[in-house]
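This report concerns only the one structure given below.
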Amino acid sequence: MEQTATETPRNVFSCQLCGLSTSYTYYGQKPPNTRAIVLLEECFVAKDPFSPDKEKFLVLGSACSLCNMCVCVGPTIPGLFFFIKA
Numbered sequence: 444m445e446q447t448a449t450e451t452p453r454n455v456f457s458c459q460l461c462g463l464s465t466s467y468t469y470y471g472q473k474p475p476n477t478r479a480i481v482l483l484e485e486c487f488v489a490k491d492p493f494s495p496d497k498e499k500f501l502v503l504g505s506a507c508s509l510c511n512m513c514v515c516v517g518p519t520i521p522g523l524f525f526f527i528k529a
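Under the numbering used here, the first residue of the sequence shown carries the number 444, and numbering increases by one thereafter.
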């Protein structure tokens, strides 16, 4: 099945603030292959490409709790809003 330009590819996280776009392997609070890790918010998670360890992962971002936009974990304050619970 061919994808049109208006469709969003599956399993691709896209930050609506900075435009970062990358594939993710999991969305939720309990990343696979982890023992005792539960994230406080549902997050987009990717396997760590720099580590052979299956338990290592990167949190890419999540939905902002204030505006519900997908935002990445970045050095700017707006990118960290998804950690705040209203």
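Each residue gets a CB set at the ideal place from its N, CA and C atoms; glycine is no exception.
> DSSP on Lys-490, reduced to helix/strand/coil?
Replying inline: Residue mapping note: residue 490 aligns to position 47 of the sequence shown, counting from 1. Looking at Lys-490 - three-state DSSP - the assignment turns out to be strand.
> beta strand (DSSP E) containing Cys-513: first to last residue?
Replying inline: Translated into the one-based positions of the sequence shown, residue 513 becomes position 70. Its beta strand (DSSP E) spans residues 513–515.
> With 16 as the cutoff for other CB atoms within 10 Å, does Val-455 come out buried or exposed?
Replying inline: Position 12 of the sequence shown, counting from 1, holds the residue named residue 455. The Cβ neighbour count for Val-455, taken over all protein chains shown within 10 Å, is under 16; the residue is labelled exposed.
> Can you name, in chain order, every residue of its own chain whose Cβ lies under 6 angstroms from the Cβ of Met-512, other than the five neighbours on each side?
Replying inline: Residue 512 sits at position 69 when you count from the first residue of the sequence shown. Around Met-512: Gln-459.
> CB-CB under 8 angstroms to Thr-477, same chain, minus the five flanking residues each way: which ones, in chain order?
Replying inline: Looking up residue 477 in the sequence shown gives position 34. Excluding residues within five positions, the ones whose Cβ falls inside 8 angstroms are Glu-498 and Phe-500.
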